[in-house]
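Asks:
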Amino acid sequence: MQNQAKEIYIDGPLKLPQNKIDNIRAYSYRLYQQIKDSVNVYPDTALMRMNNAFQLCLEAFFKIRRLWVGSRDYMLAEIRKRDHNFYKLCLLFLTESGAQKKFTTLTKLYEYALKPAGGFLKKTTTTKLWWDKTQRVNILLGPFMLIKQLCHQITTGEAEGEGKIAYITRFIYFLKPYKFFFFEVTLFGLLSAALALPFPYFTKLLFDSVLPNRNFAMLEFILWAILLVSIFRGLISFAQGYYTIYIENLIQYDIRFKFYNHLLKLSYRFY
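Heads up, our numbering is the position in the sequence shown plus 423, with the first residue counted as 1.
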């Protein structure tokens with residue numbers, strides 16, 4: 424671990440895999456095209472999008488060139504030290520007032536930032552297939568979405584744009600010690616969904632057979648059945664929510680403990 428930290432510190436951050444670089448290039452191109460389509464029609468919306476694109480462009484500049492930066496607040500200061508030409512383009516973008524002028528400067532910024540990676544990626548064959556596959560299996564991701572937001576907030580922003588499958592892969596690693604509780608949450612969810620089915624049947628029976636025939640004995644039975652099903656479903660829903668929050672707290676502790684424990688093991692030269 425110390426040798427790896429030393430290597431990262433001396434040579435800069437680890438080089439991004441090619442698929443992540445392609446994701447940055449493809450996402451930048453889609454965002455650029457959206458701004459291009461709206462800059463003349465909806466200039467106010469285009470200005471807001473350009474501010475967001477400017478921030479992403481700076482992040483792409485650092486990631487592609489494997490440069491360190493303390494936080495987003497110090498990006499311009501670091502750019503001023505490392506690349507004066509790019510810094511002048513950033514200042515020009517911040518001082519421009521019109522939407523069309525800002526868009527022209529933003530184009531130059533993206534061309535400069537993405538130049539080492541090959542510029543915009545206009546055709547994304549593998550990435551598109553990955554997104555399509557993710558959309559097809561959305562119906563299977565329901566239970567995993569319970570804690571997706573939690574994992575997204577705690578982990579770093581490097582996973583932005585990786586897709587839902589990446590969240591599941593990371594989530595399963597932390598879920599393994601608590602698979603029994605997760606099985607209970609899934610089972611309670613299925614039972615709660617199953618107990619919702621009798622209500623339409625009882626309602627139909629009530630209005631079609633019981634009330635027209637004044638069958639008060641059956642009416643009393645249906646009311647008691649609805650009451651019992653409602654109580655049982657309420658208990659199951661409460662148990663599902665309780666165990667969901669319980670698992671969230673356990674995984675949150677594990678993620679934070681693993682992260683800080685990793686920092687403690689790093690070499691002092693890393694800091």
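All residues carry an ideal CB built from backbone N, CA and C; glycine is no exception. All of these numbers come straight from a predicted model, not from anything done at the bench.
Taking the alpha carbon of Arg-488 as the reference point, which residue from Arg-453, Ile-444, Leu-514 has its own alpha carbon closest?
Replies: Numbered from 1 along the sequence shown, position 65 holds the residue referred to as residue 488. The residue with the shortest Cα to Cα distance from Arg-488 is Ile-444.
Asks: Assign Ala-640 to one of three DSSP states: helix, strand, or coil.
Replies: In the sequence shown, residue 640 corresponds to position 217, counting from 1. In the structure shown, Ala-640 sits in a helix (DSSP, three-state: H, G or I).
Asks: Per DSSP, what kind of secondary structure is Ile-543 in: helix, strand or coil?
Replies: If you number the sequence shown from 1, residue 543 lands on position 120. What sits at residue 543 in the sequence shown is Phe, not Ile. DSSP places Phe-543 in coil when its eight states are reduced to three.
Asks: Label Val-464 either buried or exposed according to how many other C-beta atoms from any shown protein chain fall within 10 Å of its C-beta, with 16 as the threshold for buried.
Replies: The residue you call residue 464 lines up with position 41 of the sequence shown. Label assigned to Val-464: exposed.
Asks: Hey, out of Ser-520, Met-641, Phe-485, whose CA is closest to Lys-538's CA?
Replies: The count along the sequence shown starts at 1 and reaches residue 538 at position 115. Closest by alpha carbon: Phe-485.
Asks: I'd like to know whether the C-beta atoms of Tyr-417 and Val-608 end up nearer to each other than 7 Å.
Replies: The question about residue 417 has no answer here: the residues shown for the chain are numbered 424 through 694.
Asks: Using 8 Å for Cβ pairs, my map puts Ser-451 next to Phe-543. What's the rounded Cβ distance?
Replies: Working through the sequence shown from its first residue, we reach residue 451 at position 28. Working through the sequence shown from its first residue, we reach residue 543 at position 120. Going by Cβ atoms, the distance from Ser-451 to Phe-543 rounds to 6 Å, so yes, they are a contact pair.
Asks: Take the Cβ of Thr-528 as the centre, count every other Cβ of all protein chains shown within 10 Å, and call the residue buried at 16 or more, exposed below.
Replies: Counting from one through the sequence shown, the residue named residue 528 turns up at place 105. Buried, by the Cβ-count rule.
Asks: Helix, strand or coil for Asp-506, going by three-state DSSP, please let me know.
Replies: By 1-based counting over the sequence shown, the position of residue 506 is 83. Note: Asp-506 maps to coil in three-state DSSP.
Asks: Between which two residues does the alpha helix (DSSP H) holding Leu-439 run?
Replies: The sequence position of residue 439 within the sequence shown is 16, counting from 1. Run containing Leu-439: none; DSSP gives neither H nor E here.
Asks: Can you tell which of Ala-449, Phe-604, Cys-513, Pro-621 has its C-alpha closest to the C-alpha of Gln-478?
Replies: Counting from one through the sequence shown, the residue named residue 478 turns up at place 55. Cα-wise, what sits closest to Gln-478 is Cys-513.
Asks: So within the stretch 451-533, which uninterrupted alpha helix (DSSP H) runs reach at least 4 residues, ignoring any that extend past its ends?
Replies: Taking only runs of at least 4 residues, the alpha helix (DSSP H) segments lying wholly in the stretch 451-533 are 466-488, 498-505, 507-518.
Asks: Could you tell me whether the Cβ atoms of Phe-622 and Gln-663 are closer together than 7 Å?
Replies: As a working note, residue 622 is residue 199 in the sequence shown. As a working note, residue 663 is residue 240 in the sequence shown. No, the Cβ-Cβ distance between Phe-622 and Gln-663 is not below 7 Å.
Asks: Under 7 Å between the Cβ atoms of Leu-454 and Ala-476?
Replies: Your numbering for residue 454 matches position 31 in the sequence shown. Your numbering for residue 476 matches position 53 in the sequence shown. Going by C-beta atoms, Leu-454 is nearer than 7 Å to Ala-476.
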